[in-house]
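Notes for the one structure printed next.
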């Protein structure tokens, strides 16, 4: 099953409750029996069925129920509402393991060997997998967003890396032993690691005519491996590649090469069709290889898709509200000229306030007159009349070239004209392998959902946006005193109304932004579930103060605000990220990012090949290596016998509240007709994850308004059951838990 820590969901028999000591009083006296289990009152027979939450023994009977959905809610086979919590695995999976050593602060000649790379052992070796999956399961995570860059599948054009796919299969089989499900993320950032990000293979540049070895000299990309030198701006330069020649050109060719670069062919083929078909075929092939694995529930379309030049109203400059202008910041025309071997004096931008950056000085780029294009080829955009040379100077000939169709003159829309049609084709290709697979669709980061009309593909489509506090991520600062609604500012809002004060203001700010994004999915894609594929915080905020002092209090407050805002919006999410390679100096080993909630470099327990043979299991501390677990590990209702109205955790009071409305007769009838087994005894059982991390040594006061419950600390679960005949129409059920005493130890965050 998707969200529990058990072999199978527990069936609560009435006679079981009669053996359990009553510790709490109900919120309302009528129709309520409030029970909780105490170790000394559980019989030996019951105890034998309990698997300790910290015991990394895999379950034996895997996935008795699969994830489905009805309207905006994920469901299990019994029709219960699922709230999914998971994590991305992992940031360093963006990079290969050989021959290049796979960290963006390293460089040697193997970096350029893009045809013989291997991603085997990303995210971690198979002999370490059980320790990590056991940890993630004990932390209450039931879903993994598994990063699989296109380059990992097809480093050589037309040849798939079956060794890597075999590795993935074995990894997923082990993952299933721990009742963890996943969806595949075709991960990319700024197109490819050869232009400063991750994702696409090196051969994609070759068919476009670009020379990856010239990107540094021509300013076509900022690549940390080759560009970073002492005195350069701190990491966070990589997003500026979304305004540079290599990334912009590749995305434009991928989405709209037929429209904007029809003259460019490769071996007689359309560049757009070649790129798109290769991408789709690679992930369809992966789907075919994984189709028998039930814990793979779907495939994402593409991580954080970018439009390239598509839709730019002018090529005179990039909009600083939409784009990060930082470090070397050539205009679009300067990018074209630099790539064509024409030196340019470009502005250099540094961090500032209240605007994110300001111009510091200028410098000349490409004094060597190097071309970014292979052989004797000239700029694609020069060939298509976007710019040219007049009086020995580069000039724009069609400043609005990418804002309208060159032939019809009609204004273009990235989502409507290019992205959604691709999504339709991709989803159909993946679901042709297995119709039950979900297709996770995301817009640009922090943006609203693309619009899907009745003509578009809707079968098993999930809205999967990303959200970050971009202001805090860019400045790497958080103190809980002032935050800003970047979403509102990007949409034309003023600074005053977009400013929030205090920790309560932080939560209001974030809650509103996440609510807006969720609502856009319901408005634009229809009633389909929302799963935020990426949310998280940088751990190296405030000049790495926590690394120097061991005080992670600001990180805890920051992440608590983020997850609280997701909770109150009742959305599913996968945190960014869980990275076994993380350390303080190089973070997640990709472009200076440091988001991991786990850091293996500070874990003292030796790696164990087979955790099932451990004796005694109490010697394993699955929390060791965790970071900001006070905020990351939270009670939540994983399966709900109704529609949730409130699911909220107060981290400071250690108080969790669930309010849900049991399914009415009409809803039950509708779901029965769709094949949900609503008559199953488990259909009225709600399951709540209660992490021992917070409550191990705390006596709990658990109150319920209706029904019966049992708390089993060894399983980190609370089970609640009610009789439908006792529930009146429109009745709500409230479950609340909090420490019985005020003496609670909240300083449990692992200090790194």
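In this note's numbering, the protein residues as written are 5 to 756.
Positions of the beta carbon are idealized from the N, C-alpha and C atoms, including for glycine.
The model shown is predicted, which means the values in this text are computed figures rather than measured ones.
- The beta carbon of residue 591 lies closer than 7 Å to those of 544, 597 and 598 in the same chain, with the five residues before and after it left out.
- Taking all protein chains in view, the Cβ of residue 505 is surrounded by fewer than 16 other Cβ atoms within 10 Å, so the residue is classified as exposed.
- With distances taken between CA atoms, residue 120 lies nearest to 101 out of 541, 576 and 101.
- For the set 637, 650, 559 and 499, the Cα lying nearest the Cα of residue 574 is the one of 650.
- Assignment of residue 683 by DSSP, reduced to helix, strand and coil, places it in the coil class.
- Approximately 5 Å separates the beta-carbon atoms of residue 641 and residue 662; this is inside 8 Å, confirming the contact.
- When DSSP states are grouped into helix, strand and coil, residue 174 belongs to the helix group.
- In the structure shown, residue 737 adopts extended strand secondary structure according to DSSP, grouped into three states.
- Between residue 187 and residue 444, the C-beta spacing is below 8 Å.
- For residue 714, DSSP records a beta bridge to 723.
- Residue 167 is positioned such that its CB atom lies closer than 8 Å to that of residue 122.
- In the three-state DSSP reduction, residue 189 falls in the strand class (E or B).
- Taking the C-beta atoms as reference points, residue 144 is found no nearer than 8 Å to residue 699.
- Put simply, of 671, 738 and 560 the residue whose alpha carbon is nearest the alpha carbon of residue 541 is 560.
- A straight-line Cα-Cα distance of about 30 Å links residue 399 and residue 277.
- The residue among 625, 433, 629 and 589 with its C-alpha nearest the C-alpha of residue 603 is 629.
- Closest option to residue 534, judged by alpha-carbon separation, among 465, 584 and 502: 465.
- At a cut-off of 3 residues, the continuous stretches assigned as beta strand (DSSP E) that sit fully inside the stretch 527 to 611 are 535 to 539 and 576 to 579.
- Per the C-alpha coordinates, the member of 502, 258 and 346 positioned closest to residue 421 is 258.
- Three or more beta-carbon pairs separated by less than 8 Å are not found between the stretch 170 to 178 and the stretch 216 to 232, which leaves the two stretches without contact.
- Here residue 416 has 314, 315, 407, 408 and 409 as same chain residues with Cβ atoms under 7 Å from its own Cβ, once five neighbours each way along the sequence are excluded.
- Residue 279 and residue 676 have their C-alpha atoms some 44 Å from each other.
- Taking 8 Å as the cut-off, the beta carbon of residue 520 is found closer than this to the beta carbon of residue 491.
- With respect to residue 582, residue 241 sits apart: the two C-beta atoms are not nearer than 8 Å.
- Comparing C-alpha distances from residue 74 to each of 672, 567 and 430 shows the shortest one belongs to 672.
- Per DSSP, reduced to three states, the secondary structure at residue 179 is helical.
- For residue 111, there is no enclosing alpha helix (DSSP H), as DSSP marks it with neither H nor E.
- If the five residues before and after residue 744 are omitted, its C-beta is found closer than 6 Å to the C-beta atoms of 703 and 705, all from its own chain and listed in chain order.
- Per DSSP, the beta-bridge partners of residue 377 are 214.
- Proximity of the stretch 552 to 568 to the stretch 111 to 118 falls short of the contact definition, fewer than three beta-carbon pairs being nearer than 8 Å.
- Residue 303 sits away from residue 87, with the two beta carbons spaced by 8 Å or more.
- Distance from the Cα of residue 481 is smallest, within the candidate group 646, 469, 418 and 562, for 562.
- Residue 447 and residue 198 have their C-alpha atoms some 23 Å from each other.
- Sequence-distant partners of residue 329 (beyond 5 residues in either direction) whose C-beta falls short of 6 Å from its own C-beta, in its chain, are 353 and 361.
- Closest in alpha carbon position to residue 525, among 157, 697 and 470, is 470.
- Rounded to whole angstroms, the Cβ separation of residue 366 and residue 351 is 5 Å, and the two are in contact under 8 Å.
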